[in-house]
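Protein chains: 2
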Amino acid sequence: MRILPTVSLVVLGLLLTGGAWSQTTLQKQAQGLFKPIPATPPALPGNPASPAKVALGKALYFDPRLSESHAISCNSCHMVGMGGVDLQETSLGHRWQHGGRNAPTVYNAVFDTAQFWDGRAKDLEQQAGGPLVNPVEMDTTEGHVIEQLKGIPGYQTLFAQAFPTEKEPMTFDNVRRAIAVFEATLITPGAPFDHYLQGNDKALDAAQKEGLSLFITKGCVGCHSGINMGGDRYAPFGVVEKPGSQILPPNDKGRFAVTKTVSDEYVFRVPPLRNIALTAPYFHSGKVWDLRQAIAIMGSSQLGQTLTDDEVGKIEAFLGTLTGPQPAVTLPILPPSVATTPQPKP
Amino acid sequence: MRILPTVSLVVLGLLLTGGAWSQTTLQKQAQGLFKPIPATPPALPGNPASPAKVALGKALYFDPRLSESHAISCNSCHMVGMGGVDLQETSLGHRWQHGGRNAPTVYNAVFDTAQFWDGRAKDLEQQAGGPLVNPVEMDTTEGHVIEQLKGIPGYQTLFAQAFPTEKEPMTFDNVRRAIAVFEATLITPGAPFDHYLQGNDKALDAAQKEGLSLFITKGCVGCHSGINMGGDRYAPFGVVEKPGSQILPPNDKGRFAVTKTVSDEYVFRVPPLRNIALTAPYFHSGKVWDLRQAIAIMGSSQLGQTLTDDEVGKIEAFLGTLTGPQPAVTLPILPPSVATTPQPKP
Numbered sequence: 001m002r003i004l005p006t007v008s009l010v011v012l013g014l015l016l017t018g019g020a021w022s023q024t025t026l027q028k029q030a031q032g033l034f035k036p037i038p039a040t041p042p043a044l045p046g047n048p049a050s051p052a053k054v055a056l057g058k059a060l061y062f063d064p065r066l067s068e069s070h071a072i073s074c075n076s077c078h079m080v081g082m083g084g085v086d087l088q089e090t091s092l093g094h095r096w097q098h099g100g101r102n103a104p105t106v107y108n109a110v111f112d113t114a115q116f117w118d119g120r121a122k123d124l125e126q127q128a129g130g131p132l133v134n135p136v137e138m139d140t141t142e143g144h145v146i147e148q149l150k151g152i153p154g155y156q157t158l159f160a161q162a163f164p165t166e167k168e169p170m171t172f173d174n175v176r177r178a179i180a181v182f183e184a185t186l187i188t189p190g191a192p193f194d195h196y197l198q199g200n201d202k203a204l205d206a207a208q209k210e211g212l213s214l215f216i217t218k219g220c221v222g223c224h225s226g227i228n229m230g231g232d233r234y235a236p237f238g239v240v241e242k243p244g245s246q247i248l249p250p251n252d253k254g255r256f257a258v259t260k261t262v263s264d265e266y267v268f269r270v271p272p273l274r275n276i277a278l279t280a281p282y283f284h285s286g287k288v289w290d291l292r293q294a295i296a297i298m299g300s301s302q303l304g305q306t307l308t309d310d311e312v313g314k315i316e317a318f319l320g321t322l323t324g325p326q327p328a329v330t331l332p333i334l335p336p337s338v339a340t341t342p343q344p345k346p
Numbered sequence: 001m002r003i004l005p006t007v008s009l010v011v012l013g014l015l016l017t018g019g020a021w022s023q024t025t026l027q028k029q030a031q032g033l034f035k036p037i038p039a040t041p042p043a044l045p046g047n048p049a050s051p052a053k054v055a056l057g058k059a060l061y062f063d064p065r066l067s068e069s070h071a072i073s074c075n076s077c078h079m080v081g082m083g084g085v086d087l088q089e090t091s092l093g094h095r096w097q098h099g100g101r102n103a104p105t106v107y108n109a110v111f112d113t114a115q116f117w118d119g120r121a122k123d124l125e126q127q128a129g130g131p132l133v134n135p136v137e138m139d140t141t142e143g144h145v146i147e148q149l150k151g152i153p154g155y156q157t158l159f160a161q162a163f164p165t166e167k168e169p170m171t172f173d174n175v176r177r178a179i180a181v182f183e184a185t186l187i188t189p190g191a192p193f194d195h196y197l198q199g200n201d202k203a204l205d206a207a208q209k210e211g212l213s214l215f216i217t218k219g220c221v222g223c224h225s226g227i228n229m230g231g232d233r234y235a236p237f238g239v240v241e242k243p244g245s246q247i248l249p250p251n252d253k254g255r256f257a258v259t260k261t262v263s264d265e266y267v268f269r270v271p272p273l274r275n276i277a278l279t280a281p282y283f284h285s286g287k288v289w290d291l292r293q294a295i296a297i298m299g300s301s302q303l304g305q306t307l308t309d310d311e312v313g314k315i316e317a318f319l320g321t322l323t324g325p326q327p328a329v330t331l332p333i334l335p336p337s338v339a340t341t342p343q344p345k346p
């Protein structure tokens, strides 16, 4: 006699809140699989941040004089204000050469546990040096970067302030450290999905929740989880079925180039999905411009499922909730060149 | 008996103030020849500014999708934070082609009465359209710019807000108008020389004042006067003596290309000198990287005088006082591309 009224009250409650019980289940499930982006940049191990180090890193990030041509900066391919990418199939580098793979976003890259499509850099600090010396990107050398910076008087002060305990702070390692610390500030907390994970059930609408549910039940979450929903593990592109050679060019064997292990052929770092709606075109080849098509390809190649248009649309709607407010970045005033500053070699 | 004490007091006053009388003469002379940069952007005739129009112009200025390749924006060659220039001999444009002439600074360009080295655009509004359709710069067409912008949904709102009375605001003319209104905000008031012109005699040190004095007495001021100290008239490069063909290449006849008048051969717009210490390399050919060398060349080619090293050094010191604080510009968050947005053609 005591139990029935209680049950009735629960049922009544569910009716009044429009099915809140099932929503809460989805929300709890999501909270177990994903994490919101923290409100402040995470600390980098062995590379403590300071305002001076961030300021130096920002100057270096935007300074095209770090490239051989003086025409390409980090921001050329990882554009702050444009999703942290260049919206190119593959980036245009030194002398208009094309890079090998699509440029990943700099936003939230600090939460990835490996950098580059093949994970050849373990963190931002290691990554930052790569494009500088890549002949098809910025095409300079570690030695010339330092020679260049030493030729721009204002950088002496910026390095001294950023690394106050070091006698000779102007080193390539410190260039990488400062850039990494600045890049760690480029995070996008506050996306609708973050609010949802933080407990606001109304942050997602019905279609977006259905998309989230499909994202989990179809198996996307098997690779795309955590803060960045990717960026923390490797997977073969085409677990079930290889996509066409245009999308997965045979000559790019992915992580195999790093490990020389046959089982790593066509294995890539699982791309993070944060702000994915802003970062077309998709995949390492950059051949797919439509997020819906990318979702469908993932269904067939990774999960062996033909997703319906309706399912694709709902997953797309959910992925749209991963777009967070992009950080407001004030352009650095770069230290001026002087007559003795090394000149560009375009 | 009454006059002598008065004269003595004046002489005593001059002794006590360290020759203030002669300084004041120089200052008054300077105030008659030059004008400080105003604290706020000037109004553009027929193109009233509004926060929404500035915001649109800023987005367009930084958006590389306005170029055929989607890799070049206005800011690529006129870099905010780097003197408003690209520090290149001539700019790198579409497919790594070199532009014909050195990129002038965008800073304070609003005070110039003609744009481009040959003055072929009368104002910023007319100038803004040029690089967009120049095959060696951004290589697009007026029609494609509008097609591109119409393919980026967020621009609909930005244009509607910027031009609220127009039914079809997304036009090439309005692209140019909005960019011009943003560029008009890129001014650098508050240079030491501005303070000097505004009455602070101590804003310039002794060497800088001697440089100013030489700048006037040697005749530089004959062409470089007004707010921008240039940018408002034309002069032949080599009035007295033509510089070498490397600095003045024979195939670039300057304003002759615009007017087809023989007397305009090798005539160029007098370059403005504001922030000149930040905008190497110099001259339309961009062949001179050292400001001292540029000063010496001007002495011989335009004034028929061999300036001594000491004179060159003092004029250089004076020109350094034309460097004003560069504006702090927050990067715009660009409206995202969507699946139907026209793709780049790199």
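Those sequence lines, one after another, are chains A and B.
Residue 1 is where the first sequence starts when you use full-length UniProt numbering, and the numbers rise one by one after that.
Residue 1 is where the second sequence starts when you use full-length UniProt numbering, and the numbers rise one by one after that.
Idealized CB from N, CA, C, for every residue including glycine.
Item                                                                                                                                                                                        : Value
Helix, strand or coil for B:Gln115? Go by DSSP, reduced to three states.                                                                                                                    : strand
Please compile the residues from chain B whose C-beta is within a distance smaller than 8 Å of the C-beta of A:Ser285.                                                                      : The premise fails here: A:Ser285 is roughly 14 Å from chain B at the closest Cβ pair, so nothing lies under 8 Å.
Identify the continuous beta strand (DSSP E) that holds B:Tyr234 and give its terminal residues.                                                                                            : 234 to 236
Within the present structure, is the beta-carbon of B:Gly231 separated from the nearest heavy atom of the ligand NAD by less than 8 Å?                                                      : Annotation note on the ligand NAD: not contained in the displayed structure, which lists no ligands.
Excluding the five sequence neighbours on either side, which residues of its own chain have a C-beta within less than 8 Å of the C-beta of B:Gly81, listed in chain order?                  : Gln326, Val329
At least one CB of chain A closer than 9 Å to the CB of B:His224: is that the case?                                                                                                         : no
So B:Ala71 contacts chain A; which residues on that side make the cut at Cβ distance below 8 Å?                                                                                             : Ser76, Asp86, Gln88, Leu92
For B:Ser245, count the other beta carbons within 10 Å of its own beta carbon; 16 or more makes it buried, fewer makes it exposed. Which is it?                                             : exposed
Could you give the distance in angstroms between the alpha-carbon of B:Met298 and the alpha-carbon of A:Pro45?                                                                              : 55 Å
Taking contact to mean 3 or more Cβ pairs, one atom from each stretch, closer than 8 Å, check whether the segment 201 to 220 of chain A and the segment 77 to 91 of chain A are in contact. : no
Measure the Cβ-Cβ separation of B:Asn47 and B:Pro272 and say whether it is below 9 Å.                                                                                                       : no
Inspect the beta-carbon positions of A:Pro332 and A:Lys122 and report whether they are closer than 9 Å.                                                                                     : no
Which residues in chain A sit within 7 Å of B:Asp326, going by Cβ to Cβ distance?                                                                                                           : Reading off the sequence, residue 326 of chain B comes out as Gln, not Asp. Near B:Gln326 (Cβ distances below 7 Å), the residues of chain A are Ile333.
To be precise: take each residue of the segment 19 to 43 of chain B, compare its Cβ to all Cβ atoms of chain D, and keep it if any distance is under 9 Å. Which residues remain?            : You won't find chain D in this structure, because its protein chains are A and B.
Using a Cβ-Cβ cut-off of 9 Å, state whether B:Pro64 counts as contacting chain A.                                                                                                           : yes
By DSSP, does residue 358 of chain B sit in helix, in strand, or in coil?                                                                                                                   : The structure shown has nothing for residue 358 of chain B, since chain B only spans 1 to 346.
Check A:His98 in the structure and name its three-state DSSP category.                                                                                                                      : strand
Contact between the segment 25 to 33 of chain A and the segment 144 to 153 of chain A is defined here as three or more beta-carbon pairs at a separation below 8 Å; is this criterion met?  : no
Terminal residues of the continuous beta strand (DSSP E) containing B:Arg269?                                                                                                               : 267 to 269
Short check: CB of A:Glu265 to CB of A:Lys253, under 9 Å?                                                                                                                                   : yes
Could you tell me the boundaries of the alpha helix (DSSP H) in which A:Gly154 lies?                                                                                                        : 154 to 162
Please name the residue, chosen from A:Asp205, A:Cys220, A:Arg95, that lies closest to A:Gly304 on a Cα-to-Cα basis.                                                                        : A:Cys220
Residue 352 of chain A CB to nearest chain B CB: under 9 Å?                                                                                                                                 : Any question about residue 352 of chain A goes unanswered here, given that chain A covers just 1 to 346.
Name the DSSP beta bridge partners of B:Ala121, please?                                                                                                                                     : B:Gln115
Just how far apart, CA to CA, sit B:Thr259 and B:Asp173?                                                                                                                                    : 24 Å
With a cut-off of 8 Å on the beta carbons, I'd call A:Asp194 and A:Ile37 a contact; round off their distance for me.                                                                        : 6 Å
Applying a beta-carbon distance threshold of less than 8 Å, which residues of chain A neighbour B:Ala277?                                                                                   : Pro336
Since I believe A:Asn275 is in contact with A:Thr323 (beta carbons under 8 Å), could you give me their beta-carbon distance rounded to a whole number of angstroms?                         : 5 Å
Answer yes or no: does any C-beta atom of chain B fall closer than 9 Å to that of A:Pro192?                                                                                                 : no
For A:Asn134, which of helix, strand or coil comes out of DSSP?                                                                                                                             : coil
Excluding the five sequence neighbours on either side, which residues of its own chain have a C-beta within less than 7 Å of the C-beta of A:Leu278, listed in chain order?                 : Gly83, Thr323
A:Gln293 to A:Phe159, Cα distance in whole Å?                                                                                                                                               : 46 Å
Does the Cβ of B:Val106 have 16 or more other Cβ atoms within 10 Å, making it buried, or fewer, making it exposed?                                                                          : buried
From this set, B:Ala280, B:Thr308, B:Gln302, which residue's C-alpha is nearest B:Ala103's C-alpha?                                                                                         : B:Ala280
According to the neighbour-count rule (16 or more other Cβ atoms, all chains shown, within 10 Å of its Cβ), is B:Pro335 buried or exposed?                                                  : buried
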